[in-house]
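Peer 1: My questions all concern the structure below.
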Amino acid sequence: MHPCALRVRIRSGSSDAIYRALLPESGVLPGQRSRVQVSLDGDELVLDFEADDTVAMRAAVNAFLRWVSAIERVLERASA
Numbered sequence: 010m011h012p013c014a015l016r017v018r019i020r021s022g023s024s025d026a027i028y029r030a031l032l033p034e035s036g037v038l039p040g041q042r043s044r045v046q047v048s049l050d051g052d053e054l055v056l057d058f059e060a061d062d063t064v065a066m067r068a069a070v071n072a073f074l075r076w077v078s079a080i081e082r083v084l085e086r087a088s089a
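The opening residue of the sequence shown carries number 10 in our numbering; numbering runs sequentially from there.
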């Protein structure tokens, strides 16, 4: 099992909204080769990954970072 922990600081003040948007995606991911737990520590989003192999880890990390980026863009445009 390969672990990876990421802490993403959200400066826009929307960390809670991003956290809530990602919660349904957490747990065992499709394909069941990777898992992720999402939590919030102040303005930091904490993503704890575990994967069976490095390919599954890379895919899971990339997916969640893309989702964070997309959610931030949507929230920015919605508040403009």
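Each residue gets a CB set at the ideal place from its N, CA and C atoms; glycine is no exception.
A quick note: this is a predicted structure, and the numbers were derived from the prediction, not measured.
Just the Cα atoms here: how many angstroms apart are R20 and Q41?
Peer 2: In the sequence shown, counting from the first residue as 1, residue 20 sits at position 11. In the sequence shown, counting from the first residue as 1, residue 41 sits at position 32. In a straight line, the C-alpha of R20 is about 32 Å away from that of Q41.
Peer 1: Please check the pair I27 and L54, which I expect to be a contact at CB under 8 Å, by giving their CB distance rounded to whole angstroms.
Peer 2: Sequence index remark: in the sequence shown, residue 27 carries index 18 (1-based). Sequence index remark: in the sequence shown, residue 54 carries index 45 (1-based). About 6 Å separates the two Cβ atoms, so the contact holds.
Peer 1: Should P33 be flagged as near chain B, meaning a C-beta pair shorter than 9 Å?
Peer 2: Within the model displayed, chain B is absent; a lone protein chain is all it includes.
Peer 1: Which first and last residues belong to the alpha helix (DSSP H) in which A89 is found?
Peer 2: Within the sequence shown, the letter at position 80 stands for residue 89. No alpha helix (DSSP H) holds A89; DSSP gives it neither H nor E.
Peer 1: In this structure, does DSSP put R75 in helix, strand or coil?
Peer 2: For the purposes of this step, residue 75 is identified with residue 66 of the sequence shown, where counting begins at 1. R75 falls in the helix class under three-state DSSP.
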